[in-house]
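What follows is a short report on a single structure.
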Amino acid sequence: MKFVWFIGIDVSKATLDAAFCHQDSPNQFAHQQFTNTTAGFRQLLKWLKKQKVDETQSFFCMEHTGSYALALCCFLQVQERPYTLVSPLHLKRSLGITRGKNDQVDAQRIAEFACLHQRKLQPMQLPSACLLKLKNLMAFRERLTKTKVSLKQTIADLKDTEKLVDNSFIIKQSEKQLKLVEQQITHTDKQMETVLQEDEQVGFPHFSRRLIKQL
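Per our numbering, the very first residue in the sequence shown carries number 4; after that it's consecutive.
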């Protein structure tokens, strides 16, 4: 498959900075930021469509940052959008990317990297069993995150009215629930990492060896 559109995505825990370029204009970019959530992923695709990016000729490229990019990888695979993960070391050597300086610029450079190295980069695939397990874990994590946000808001609201009514018992129990939910989120993240490590096709060492051979 020949790709002419290249979408570079700088992934962080909360956000995605996306930039794309066309192979005929590798130094001209459009940029937009999205939340690192399923809703944000859908908005990303809608934005690309609005920008007239041909989905049948587009290729997504992300830096391999671990679990932060995992949800997006699963989403893109379900949507049948070709994507790859690139070693941070190769990005730095090729384009001098230093994380944490400017997410928009990093996204542009990742898109440029994909365009320049398109012949060496291969679309990646999560095995079906691994994909299903990760999807279930991420859905569970999303529910936990919503519960966490709700509990935080509840605690804040109760504290605001403490002078009017004694909410100490409810606050204490809610804080216990919040702590438990935060622990569950941490355990879920570790479980997702374990799934990746156990599967040879998507484990971090495997990615590193493969990328070294490619570039």
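Note that beta-carbon positions come from the ideal geometry of N, C-alpha and C, so glycine has one too.
Residue of the options minimising C-alpha distance to residue i
i: Ala142; options: Thr40, Phe23, His93; result: Thr40
i: Leu119; options: His25, Ala17, Thr59; result: His25
i: Leu137; options: Gln176, Gln200, Asn105, Lys49; result: Gln200
i: Asp160; options: Leu79, Thr150, Ile173; result: Ile173
i: Thr157; options: Asp169, Asn139, Arg144, Glu178; result: Glu178
i: Asp106; options: Val7, Lys16, Leu48; result: Lys16
i: Gln82; options: Ser61, Gln36, Ser90, Lys149; result: Ser61
i: Arg84; options: Glu196, Thr197, Thr150, Arg45; result: Arg45
i: Phe63; options: Tyr71, Ser70, Cys76; result: Cys76
i: Asp13; options: Leu51, Asp27, Lys5, Gln35; result: Gln35
i: Gln176; options: Lys155, Gln187, Lys193, Val168; result: Lys155
i: Val7; options: Ile188, Glu145, Gln121; result: Gln121
i: Ala42; options: Lys95, Gln194, Leu181, Glu145; result: Glu145
i: Val152; options: Lys182, Tyr71, Gly11, Leu135; result: Lys182
i: Gln31; options: Thr18, Phe9, Phe37, Trp50; result: Phe9
i: Glu66; options: Tyr86, Trp50, Gln80; result: Tyr86
i: Leu48; options: Lys5, Asp27, Leu79, Ala114; result: Leu79
i: Ser28; options: Trp50, Ala114, Tyr71; result: Ala114
i: Phe116; options: Gln180, Ser90, Thr191; result: Ser90
i: Lys149; options: Gln187, Ser171, Leu124; result: Gln187
Where residue i sits in the DSSP three-state scheme
i: Ser90; result: coil
i: Val14; result: strand
i: Thr40; result: coil
i: Gln156; result: helix
i: Leu199; result: helix
i: Phe6; result: coil
i: Gln54; result: coil
i: Phe19; result: Reading off the sequence shown, one finds Leu at residue 19, where the question assumed Phe. If DSSP states are grouped into helix, strand and coil, Leu19 belongs with the strands.
i: Gln125; result: coil
i: Ala35; result: For the sequence presented, residue 35 should be read as Gln rather than Ala. Residue state, collapsed to three classes: strand.
i: Lys216; result: Reliability fails at Lys216, whose pLDDT of 38 lies under 50, so the model's placement of it is uncertain and the value that follows must be treated cautiously. Helix.
i: Arg45; result: helix
First through last residue of the alpha helix (DSSP H) which encompasses residue i
i: Phe116; result: 106–119
i: Leu79; result: 73–81
Bounding residues of the beta strand (DSSP E) (the contiguous stretch that carries residue i)
i: Glu66; result: 61–66
Residue-chain proximity (residue i, chain B), Cβ-Cβ < 8 Å
i: Cys24; result: No chain B is present in this structure, which holds just one protein chain.
Query raised in the report: What are the complete beta strand (DSSP E) segments, minimum 3 residues, inside the region 165–193?
Result: Within the region 165–193, complete beta strand (DSSP E) segments of at least 3 residues are not found at all.
Query raised in the report: Counting Cβ pairs closer than 8 Å, one from the region 48–57 and one from the region 158–168, do we hit at least three?
Result: Short answer: they don't touch.
**Report entry** Segment contact flag, the region 126–133 with the region 20–34, C-beta cutoff 8 Å, min 3 pairs
**Finding:** They do not touch, by the three-pair rule.
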